[in-house]
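Visitor: Can you read through this structure? Questions will come right after.
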Amino acid sequence: MTHPEQPAHPDRIVVVGASAAGLATAEALRRGGFAGSLTLVGEEVHPPYDRPPLSKQLLAGAWESDRLHLRSPEQITGLGLDLRLGVRAVALDTGRRELSLSDGSALGYDALVIATGVRARQLPGTETVPGVHALRTMEDALALRTAVRPGARLAVVGAGFIGAEAAAVASATGCEVTLISDIPQPLSDVLGPDLGAMLTRTHADHGVRVETGVMVRGVTTHDGRADGVELSDGRTLAADVVLVGIGTLPNTEWLRESGLALGNGVECDAYLRAGDGVWAAGDVASWPDPVTGLRRRIEHRTNAAEQGLTVARNILAGEAATPFTTVPYVWSDQYDLKIQMYGSTRGAEHIRVVEGSVADRALVALYGTEDVVQGAVAVNMARAARTYRSHVAAGSSWPLATA
Numbered sequence: 020m021t022h023p024e025q026p027a028h029p030d031r032i033v034v035v036g037a038s039a040a041g042l043a044t045a046e047a048l049r050r051g052g053f054a055g056s057l058t059l060v061g062e063e064v065h066p067p068y069d070r071p072p073l074s075k076q077l078l079a080g081a082w083e084s085d086r087l088h089l090r091s092p093e094q095i096t097g098l099g100l101d102l103r104l105g106v107r108a109v110a111l112d113t114g115r116r117e118l119s120l121s122d123g124s125a126l127g128y129d130a131l132v133i134a135t136g137v138r139a140r141q142l143p144g145t146e147t148v149p150g151v152h153a154l155r156t157m158e159d160a161l162a163l164r165t166a167v168r169p170g171a172r173l174a175v176v177g178a179g180f181i182g183a184e185a186a187a188v189a190s191a192t193g194c195e196v197t198l199i200s201d202i203p204q205p206l207s208d209v210l211g212p213d214l215g216a217m218l219t220r221t222h223a224d225h226g227v228r229v230e231t232g233v234m235v236r237g238v239t240t241h242d243g244r245a246d247g248v249e250l251s252d253g254r255t256l257a258a259d260v261v262l263v264g265i266g267t268l269p270n271t272e273w274l275r276e277s278g279l280a281l282g283n284g285v286e287c288d289a290y291l292r293a294g295d296g297v298w299a300a301g302d303v304a305s306w307p308d309p310v311t312g313l314r315r316r317i318e319h320r321t322n323a324a325e326q327g328l329t330v331a332r333n334i335l336a337g338e339a340a341t342p343f344t345t346v347p348y349v350w351s352d353q354y355d356l357k358i359q360m361y362g363s364t365r366g367a368e369h370i371r372v373v374e375g376s377v378a379d380r381a382l383v384a385l386y387g388t389e390d391v392v393q394g395a396v397a398v399n400m401a402r403a404a405r406t407y408r409s410h411v412a413a414g415s416s417w418p419l420a421t422a
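Taken in order, the sequence shown gives residues 20 to 422; the numbers are from the numbering used here.
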């Protein structure tokens, strides 16, 4: 079947994913003057909500779930959406320009935006074991919050941002927390060994047991419920509650028969176009980096919003579409540490603290490759972090930035 021509001015736009990226797309379309049919499809029953607080304020009990909503009901209504919540996308026919939903309905479109995000990766065989938790949705966070009561023994599998933040929150509730990772230090693959060691000391200072350089083989059970984790070195650690934070998988299975390129996410061009009349934004989108040409997929809140804005502009711009560019940004709150990261720090050949010190747990560090600044990390130095962001954005020379 031949593909229909893309209308110069689309009348029907469907956004799949009631996420930060999906909402940003819808809002930008309306701000840009789009007055046609605009459908927002969400698998969860909740209107769009913010995910970073799940492992912070919501888990800690400082916020209730209604504070996570990205917009008020009145603001959502004001967008004039055909809002389809609690329904899942199951197939996409790009030839007919038709989206099939789990309730049996189908939606035609002139332009479609994929913003279906990611889901938590699970330990094989533990998916239905009581006491084993993930932390990706509002329900996940509320269930874990109930479980991390004083005196409970919590094993956190994975010391990335989610695992480290959850360990910090749980320790403050009076849990006995063990943080387990196969890397040498928490977040050392992102922050480097010195800052990773600083985080290890910080967690230990707050009573968290840190086990690094070891993998979790599985979860042990008693009477059908989790009672510990088995490590690759043969040890078993007792635990009443297990949080698995070992990464994510992009939600692309429903697109297998669509003809779209699916690798590590939905593969887009530099404009975030995934196919004829199809675009992608947020955690699920993979696009070529304009500097290196290598594909990137970023799972950060700010990136999701930025890509939603870009997709909306490009849908409305037609031939005047512009490539997506960004300086990635992510933050993490752990105890009294406010960690901010700009750019890309993984695989850096050089790491240098240019302000403050690791000992004081207040610093700015630059990360570089081939004498070019590629990233900056600040700990409890927010104002200085914004200054060094400009070096990341410009790709400043390493000698200049670190002078």
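Where a beta carbon is used, it is the ideal one built from N, C-alpha and C, also for glycine.
If you draw a straight line from the C-alpha of A56 to the C-alpha of R31, how long is it?
Guide: A small fix is needed here, since residue 56 is Ser in this sequence, not Ala. When rounded, the distance between both Cα atoms is 5 Å.
Visitor: Whose C-alpha, out of G294, S74, D242, is nearest the C-alpha of A178?
Guide: Nearest of G294, S74, D242 to A178, Cα basis: S74.
Visitor: Under 8 Å: do the stretch 339-353 and the stretch 284-291 share three or more Cβ pairs, one atom per stretch?
Guide: Touching, yes.
Visitor: Report yes if the C-beta distance between H319 and P347 is below 8 Å; otherwise report no.
Guide: Yes, the pair counts as a contact, with Cβ atoms nearer than the cut-off.
Visitor: Measuring CA to CA, which of V263, A110, P72 is closest to Q141?
Guide: Nearest C-alpha to Q141: V263.
Visitor: Threshold first: 3 residues or longer. Then list the beta strand (DSSP E) segments lying entirely within the stretch 59-142, N to C.
Guide: For the stretch 59-142, whole beta strand (DSSP E) runs of length 3 or above, ordered along the chain, are 101-104, 108-112, 117-120, 125-127, 130-133, 137-139.
Visitor: Mapping the DSSP letters down to three states, classify H369 as helix, strand or coil.
Guide: Here H369 sits in strand by DSSP.
Visitor: Determine, using beta carbons only, whether T41 and G144 come nearer to each other than 8 Å.
Guide: The sequence given here has Gly at residue 41, not Thr. Against a cut-off of 8 Å, the Cβ pair of G144 and G41 comes out as no contact.
Visitor: Please report the straight-line C-alpha distance between A300 and G394, rounded to a whole angstrom.
Guide: Distance between the alpha carbons of A300 and G394: 23 Å.
Visitor: Quick one: what's got a C-beta closer than 7 Å to A257's C-beta in the same chain, skipping five residues either side?
Guide: Same-chain partners within the cutoff: R172, D246, G247.
Visitor: Short of 8 Å in beta carbon distance, which residues of its chain neighbour M217, apart from the five on each side in sequence? Order them along the chain.
Guide: Counting only Cβ-Cβ distances below 8 Å, and skipping sequence neighbours, we find V377, R380, V398.
Visitor: Nearest CA to the CA of L335: which residue from A37, G52, A39?
Guide: Ranking A37, G52, A39 by Cα distance to L335 puts G52 first.
Visitor: Buried or exposed for L214, please, with buried defined as at least 16 other CB atoms from any protein chain shown within 10 angstroms of its CB.
Guide: Buried: at least 16 other Cβ atoms inside 10 Å.
Visitor: Quick one: grab the DSSP three-state call for L313.
Guide: Residue state, collapsed to three classes: coil.
Visitor: Could you check what DSSP says for V227 in three-state terms: helix, strand or coil?
Guide: V227: coil per DSSP, three-state reduction.
Visitor: DSSP on M400, reduced to helix/strand/coil?
Guide: Coil.
Visitor: Do V373 and T421 have their beta-carbon atoms positioned less than 8 Å apart in this structure?
Guide: In this structure, V373 lies closer than 8 Å to T421 by Cβ.
Visitor: Given this structure, state the Cα-to-Cα distance separating W273 from S119, to the nearest angstrom.
Guide: If you take the alpha carbons of W273 and S119, they lie about 10 Å apart.
Visitor: With respect to the alpha helix (DSSP H) encompassing G177, which residues constitute its N-terminal and C-terminal limits?
Guide: Unbroken run through G177: none, as it is neither H nor E.
Visitor: Suppose the cutoff is 7 Å on Cβ atoms and the five residues either side in sequence are ignored; what does the same chain contact list for S38 look like?
Guide: So the qualifying residues of the chain are P67, A134, G136, G301, A323.
Visitor: Find the nearest neighbour of G266 within the set G362, G170, T364, V176, judged by alpha-carbon distance.
Guide: Minimum Cα distance to G266 is reached at V176.
Visitor: Classify P269 as helix, strand or coil using the three-state DSSP reduction.
Guide: Reduced to three states, the DSSP call for P269 is strand.
Visitor: Start and end of the beta strand (DSSP E) containing M157?
Guide: That residue, M157, is in no beta strand (DSSP E); its alpha helix (DSSP H) goes 157-166.
Visitor: Give me the DSSP bridge partner(s) of W417.
Guide: DSSP output for W417 lists no bridge partner at all.
Visitor: Give a yes or no on whether the C-beta atoms belonging to H65 and M157 are separated by under 8 Å.
Guide: Cβ atoms of H65 and M157: closer than 8 Å.
Visitor: Please say whether A174 and V261 have beta carbons closer to each other than 8 Å?
Guide: Going by C-beta atoms, V261 is nearer than 8 Å to A174.
Visitor: Quick check: A185 and L78, are their CB atoms within less than 8 Å of each other?
Guide: Cβ atoms of A185 and L78: closer than 8 Å.
Visitor: Give me the Cα-Cα distance between T344 and R138, rounded to the nearest whole angstrom.
Guide: Roughly 25 Å separates the two Cα atoms.
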